[in-house]
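Protein chains: 2
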Amino acid sequence: MPRPTKPPLDEHLTQLAGQPVAAIDTPALVVDLDAMQRNLGRMAEFARKHGIRWRPHAKMHKCSEIARLQLEAGAVGVCVQKTAEAEAMAAGGVNDIYISNEVIAPQKLARVAQLACRLVDAGGRLTIAVDSREGVARLAQAMDDARRATGGSAVIDVFVEIDVGQGRCGVPPGRAALELVHEIRKHPALRFAGLQAYHGRAQHLRSPQERRDAIEQAARDAALTRKLIEDEGIQVALITGAGTGTMVCEAASGVYGELQAGSFLFMDADYARNERDPAQPQFEHALFVKTQVISAGARHAVCDAGHKSHAIDSGLPTVHSVDGDDPLEFGNGGDEHGILRPAAGGRVPEIGRILWLIPGHCDPTVNLHDHLVGVKGGLRTGTVDRILRVDARGALT
Amino acid sequence: MPRPTKPPLDEHLTQLAGQPVAAIDTPALVVDLDAMQRNLGRMAEFARKHGIRWRPHAKMHKCSEIARLQLEAGAVGVCVQKTAEAEAMAAGGVNDIYISNEVIAPQKLARVAQLACRLVDAGGRLTIAVDSREGVARLAQAMDDARRATGGSAVIDVFVEIDVGQGRCGVPPGRAALELVHEIRKHPALRFAGLQAYHGRAQHLRSPQERRDAIEQAARDAALTRKLIEDEGIQVALITGAGTGTMVCEAASGVYGELQAGSFLFMDADYARNERDPAQPQFEHALFVKTQVISAGARHAVCDAGHKSHAIDSGLPTVHSVDGDDPLEFGNGGDEHGILRPAAGGRVPEIGRILWLIPGHCDPTVNLHDHLVGVKGGLRTGTVDRILRVDARGALT
Numbered sequence: 001m002p003r004p005t006k007p008p009l010d011e012h013l014t015q016l017a018g019q020p021v022a023a024i025d026t027p028a029l030v031v032d033l034d035a036m037q038r039n040l041g042r043m044a045e046f047a048r049k050h051g052i053r054w055r056p057h058a059k060m061h062k063c064s065e066i067a068r069l070q071l072e073a074g075a076v077g078v079c080v081q082k083t084a085e086a087e088a089m090a091a092g093g094v095n096d097i098y099i100s101n102e103v104i105a106p107q108k109l110a111r112v113a114q115l116a117c118r119l120v121d122a123g124g125r126l127t128i129a130v131d132s133r134e135g136v137a138r139l140a141q142a143m144d145d146a147r148r149a150t151g152g153s154a155v156i157d158v159f160v161e162i163d164v165g166q167g168r169c170g171v172p173p174g175r176a177a178l179e180l181v182h183e184i185r186k187h188p189a190l191r192f193a194g195l196q197a198y199h200g201r202a203q204h205l206r207s208p209q210e211r212r213d214a215i216e217q218a219a220r221d222a223a224l225t226r227k228l229i230e231d232e233g234i235q236v237a238l239i240t241g242a243g244t245g246t247m248v249c250e251a252a253s254g255v256y257g258e259l260q261a262g263s264f265l266f267m268d269a270d271y272a273r274n275e276r277d278p279a280q281p282q283f284e285h286a287l288f289v290k291t292q293v294i295s296a297g298a299r300h301a302v303c304d305a306g307h308k309s310h311a312i313d314s315g316l317p318t319v320h321s322v323d324g325d326d327p328l329e330f331g332n333g334g335d336e337h338g339i340l341r342p343a344a345g346g347r348v349p350e351i352g353r354i355l356w357l358i359p360g361h362c363d364p365t366v367n368l369h370d371h372l373v374g375v376k377g378g379l380r381t382g383t384v385d386r387i388l389r390v391d392a393r394g395a396l397t
Numbered sequence: 001m002p003r004p005t006k007p008p009l010d011e012h013l014t015q016l017a018g019q020p021v022a023a024i025d026t027p028a029l030v031v032d033l034d035a036m037q038r039n040l041g042r043m044a045e046f047a048r049k050h051g052i053r054w055r056p057h058a059k060m061h062k063c064s065e066i067a068r069l070q071l072e073a074g075a076v077g078v079c080v081q082k083t084a085e086a087e088a089m090a091a092g093g094v095n096d097i098y099i100s101n102e103v104i105a106p107q108k109l110a111r112v113a114q115l116a117c118r119l120v121d122a123g124g125r126l127t128i129a130v131d132s133r134e135g136v137a138r139l140a141q142a143m144d145d146a147r148r149a150t151g152g153s154a155v156i157d158v159f160v161e162i163d164v165g166q167g168r169c170g171v172p173p174g175r176a177a178l179e180l181v182h183e184i185r186k187h188p189a190l191r192f193a194g195l196q197a198y199h200g201r202a203q204h205l206r207s208p209q210e211r212r213d214a215i216e217q218a219a220r221d222a223a224l225t226r227k228l229i230e231d232e233g234i235q236v237a238l239i240t241g242a243g244t245g246t247m248v249c250e251a252a253s254g255v256y257g258e259l260q261a262g263s264f265l266f267m268d269a270d271y272a273r274n275e276r277d278p279a280q281p282q283f284e285h286a287l288f289v290k291t292q293v294i295s296a297g298a299r300h301a302v303c304d305a306g307h308k309s310h311a312i313d314s315g316l317p318t319v320h321s322v323d324g325d326d327p328l329e330f331g332n333g334g335d336e337h338g339i340l341r342p343a344a345g346g347r348v349p350e351i352g353r354i355l356w357l358i359p360g361h362c363d364p365t366v367n368l369h370d371h372l373v374g375v376k377g378g379l380r381t382g383t384v385d386r387i388l389r390v391d392a393r394g395a396l397t
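Residue numbers (UniProt numbering), protein chains in the order written: chain Y, 1 to 397; chain L, 1 to 397.
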């Protein structure tokens, strides 16, 4: 099985631990570990209070060290989107992994099956989503091959993905899902585990009411599909879904049994644009790009962070005020630069000035970086606690 | 000096060489090496014909193996934007490197100075851009420190960056540039090398006339600045700039002596949207994301490439027709998915179908990948020739 091979960290990185925040060269992706830990605690408390499982999405942080912290805080396991992410998480000691996505390529399914056998042997579990007969048949073939090769009898858990409004993968709710359940149950190495019902589009509907309406409909679709399946005497053990934007709705639905929210841990500028549901824990920004001004003119300055440092698919970063600085507007300066313009009457920041950006979207921002710099004690006067390796960065296959 | 530490390639990657294109798992960033080589030849011929130097921008490919191919084809060296990119190129055997960007942080300038000393000792050269007195002073300090530490007398070449329309870094053309030249000449370890005059905004003006107008103005600004400096008896050895969109204009200007174009090697969907200047060599697309369909519904299919596989800052990828397939429109499906919709009357592609995407913007797309899969013999029936490591991927500092 291809396993992620990671080099040792550069010496200048390992030497950062214990140094003040000022020693972090720019641009760098910095995690406020205190804020992250508070977010983690809020999520754990929310799940406990609602009696619901949580399985945070590791596609966001791609870091097995963070995944282990989530497990310690009460998460039942992690979700991933890619086989290579699952391999990286397993290599990092996570043993309950759900690939919440369709896998079709036979060479990848061989890896999925090998990983399933390995995790099950070690007392863990691998789960995967399907949305086609072709997908079920190929997965079953791969599992049969892996079981034959290892002489084992491992079973892989399989969710049927239904499209509850995302308009991407998934069969329509209802009969199409039931048909796939019957397909799954034909194969001894596959175990029907429930329904995947994630509504991605609902996450960034700006008002709580719009989000509630969207998830009410999703929950109705999921419940109806469950009833159809259970009417045939087949148990639907779990309905899983939800993101940071809507998790309070799924938790209140009585239908969903597991939350997949991932972004709550770091938050981002796009989630901050949502009008907060009063039922939602108050998650803090914990992910920042540290950058500095490298050029300053009469009307604008330029910093050393562009969209090779932060993703811009969900909007540009915002400038986080740490020192009570004059407010700055961030403009797109291309791959390696950001343009900073002061508000009317404000000053252009001087060369060398340190700034902190809140990325527009945390997931693809983390995927640009090989490591995160973990800080305790705040961004202004804190200290580097440790370097967190983004094990699954670039894990695309 | 922090040096890039790269792990050995995964076994499944090294085993790809010699195998048919069909063996490449998805998503993968694939280079059509035949098309790349033709683009390289066209660029070399263009530069020869116009008697102009070319120093392609390695921020595009971030790959020292490709940089060496460019040097063999006649490039005088490479440009980079980041100190860490320069270190990666030097580690890969490139010994004439220009950091066409401002560097301000003292810890980075120490690395710049160390690299300059090392390259000069080995018969090479490091060049850098400045646009502030602060930048000149800090660079001089770093060079003094490095020379003292090594007992050497290396000199770093310095371009003064002027803003010829980009609206980002650079001093205004004219007196401000002259003042910086005087500053540079105060320091024995700095050697004034000429003017950096890159007009990024002009690269994607859609009509050749708009691009010609923009570069005529830039060339006038650069020539005026040169005259001001030369009137004081100081030679301006070189004016450097140009990208793939406008290189024919700079080459024809009689002002620019060096072209920095990088994207010509791979091309991308955004450059393909430019109306071609008849004087421009006909560069081909050489960079593709191989992807496959993992889900198919009644009206759309979903492939396994999203914006963790390709950058979308300059628009979505287009679907490249390899087999004469029905045309497909690519829609944004988020980080890990692409949505494929057939044109009116066309068929939705089936599960497992292989598709090839032309990325919207090559530079940040390459920066998402740890390696490129080099193919010869075409995308349909070709063979994997070799894996090219993206040495400077994520080299942000």
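Cβ coordinates follow ideal geometry from the N, Cα and C atoms, glycine included.
Values in this document were obtained by computation on a predicted structure and should not be read as measured data.
CA nearest to the CA of residue i, picked from the options
i: L:A344; options: L:S314, L:R299, L:G306; result: L:R299
i: Y:L69; options: Y:G18, Y:N39, Y:Y98; result: Y:N39
i: Y:G233; options: Y:R185, Y:A219, Y:Q15; result: Y:R185
i: L:A197; options: L:I351, L:R191, L:L224; result: L:L224
i: Y:E284; options: Y:F264, Y:G170, Y:E72, Y:V302; result: Y:F264
i: L:P173; options: L:R393, L:G374, L:L195, L:A189; result: L:L195
i: Y:F330; options: Y:E250, Y:A305, Y:E134; result: Y:A305
i: L:M43; options: L:M60, L:H320, L:P281; result: L:P281
i: Y:V136; options: Y:R118, Y:L109, Y:Y256; result: Y:L109
i: Y:A67; options: Y:R53, Y:M89, Y:K82; result: Y:M89
i: Y:H337; options: L:P364, L:P56, L:D121, L:V348; result: L:P364
i: Y:D34; options: Y:H61, Y:H12, Y:G378, Y:I354; result: Y:G378
i: Y:A82; options: Y:G74, Y:E72, Y:I99; result: The sequence shown places Lys at residue 82 of chain Y, rather than the Ala named in the question. That would be Y:I99, whose Cα lies nearest to the Cα of Y:K82.
i: Y:A301; options: Y:C362, Y:D131, Y:G333; result: Y:G333
i: L:G92; options: L:E102, L:G77, L:I104; result: L:G77
i: L:P359; options: L:L13, L:V31, L:E11, L:V255; result: L:V31
i: Y:G297; options: Y:A218, Y:H57, Y:L340, Y:V112; result: Y:L340
i: Y:E250; options: Y:L13, Y:L29, Y:G51, Y:H12; result: Y:G51
Beta-carbon neighbours of residue i, restricted to chain L and to distances below 8 Å
i: Y:T397; result: D25, T26, P27, A28
Within chain Y, the residues that residue i reaches when beta carbons sit closer than 8 Å
i: L:N274; result: Within chain Y, no residue comes near L:N274; the closest Cβ sits about 17 Å away, beyond 8 Å.
i: L:K82; result: E336
i: L:P364; result: H307, K308, D335
i: L:G200; result: G334
i: L:G241; result: In chain order: nothing, as chain Y lies at least about 15 Å away.
i: L:G257; result: Within chain Y, no residue comes near L:G257; the closest Cβ sits about 24 Å away, beyond 8 Å.
Listed by chain order, chain L residues near residue i by CB distance under 7 Å
i: Y:V322; result: Correct list: empty, because the minimum Cβ distance to chain L is about 18 Å.
i: Y:V302; result: R168, C169
i: Y:A245; result: Residue identity check: residue 245 of chain Y is Gly in the sequence provided, not Ala. None at all; the shortest Cβ gap to chain L is about 14 Å.
Nearest-angstrom Cβ-Cβ length linking residue i and residue j, presumed shorter than 8 Å
i: L:P27; j: L:T383; result: Contact doesn't hold; Cβ gap of about 20 Å is too wide.
i: L:R386; j: L:C63; result: About 12 Å separates the two Cβ atoms, so there is no contact after all.
i: residue 401 of chain Y; j: Y:L396; result: Examination of residue 401 of chain Y is not possible in this model, given that chain Y is present from 1 through 397 alone.
i: Y:Q203; j: Y:T246; result: 6 Å
i: L:I156; j: L:A116; result: 4 Å
Listed by chain order, chain L residues near residue i by CB distance under 9 Å
i: Y:K186; result: Those do not exist, as Y:K186 stays about 19 Å from chain L at its closest Cβ, beyond 9 Å.
i: Y:K59; result: K308, D335, E336
Under 7 Å by beta carbon: chain Y residues contacting residue i
i: L:I312; result: D313
Residues of the segment 150-169 of chain Y whose Cβ lies closer than 7 Å to any Cβ of chain L, in chain order = So the list reads R168, C169, given in the order they occur along the chain.
Mind checking the segment 93-116 of chain Y against chain L and listing, in chain order, the residues whose C-beta falls within less than 8 Å of any C-beta there?
-> Going along the segment 93-116 of chain Y in chain order, one finds N101, E102, V103, I104, A105, Q107, K108 with a Cβ nearer than 8 Å to chain L.
Residues in the segment 206-238 of chain Y having any Cβ partner in chain L nearer than 9 Å = Listed by position, the residues of the segment 206-238 of chain Y near chain L (Cβ gap below 9 Å) amount to none.
Between the segment 337-361 of chain L and chain Y, which residues of the former have CB atoms less than 9 Å from a CB of the latter, in chain order?
-> Correct list: H337, I339, E350, I351, G352, H361.
Can you give me, in chain order, the residues of the segment 276-295 of chain Y that have a beta carbon less than 9 Å from any beta carbon in chain L?
-> Correct list: Q292, V293, I294, S295.
Enumerate, from N- to C-terminal direction, the unbroken alpha helix (DSSP H) stretches of 4 or more residues contained entirely within the segment 305-385 of chain Y.
-> Qualifying alpha helix (DSSP H) stretches, in chain order: 362-366.
Check each residue of the segment 367-387 of chain Y: if its Cβ is closer than 8 Å to any Cβ of chain L, include it; give the result in chain order.
-> Within the segment 367-387 of chain Y, those residues whose Cβ lies closer than 8 Å to any Cβ of chain L are, in chain order, N367, L368, H369, D370.
Which parts of the segment 158-204 of chain Y are runs of the beta strand (DSSP E), unbroken and 3 residues or longer, counting only runs that do not cross its ends?
-> Qualifying beta strand (DSSP E) stretches, in chain order: 190-196.
Which residues, in order along the segment 127-151 of chain L, keep a beta-carbon less than 8 Å from a beta-carbon of chain Y?
-> Listed by position, the residues of the segment 127-151 of chain L near chain Y (Cβ gap below 8 Å) are D131, S132, E134, G135.
What are the start and end residues of each continuous alpha helix (DSSP H) run of 4 or more residues lying completely inside the segment 73-161 of chain L, in chain order?
-> Complete alpha helix (DSSP H) runs here, min 4: 83-91, 106-121, 133-150.
Would you list, in sequence order, the uninterrupted beta strand (DSSP E) runs of no fewer than 3 residues that lie entirely inside the segment 14-50 of chain Y?
-> If you keep only unbroken beta strand (DSSP E) runs of at least 3 residues inside the segment 14-50 of chain Y, you get 28-32.
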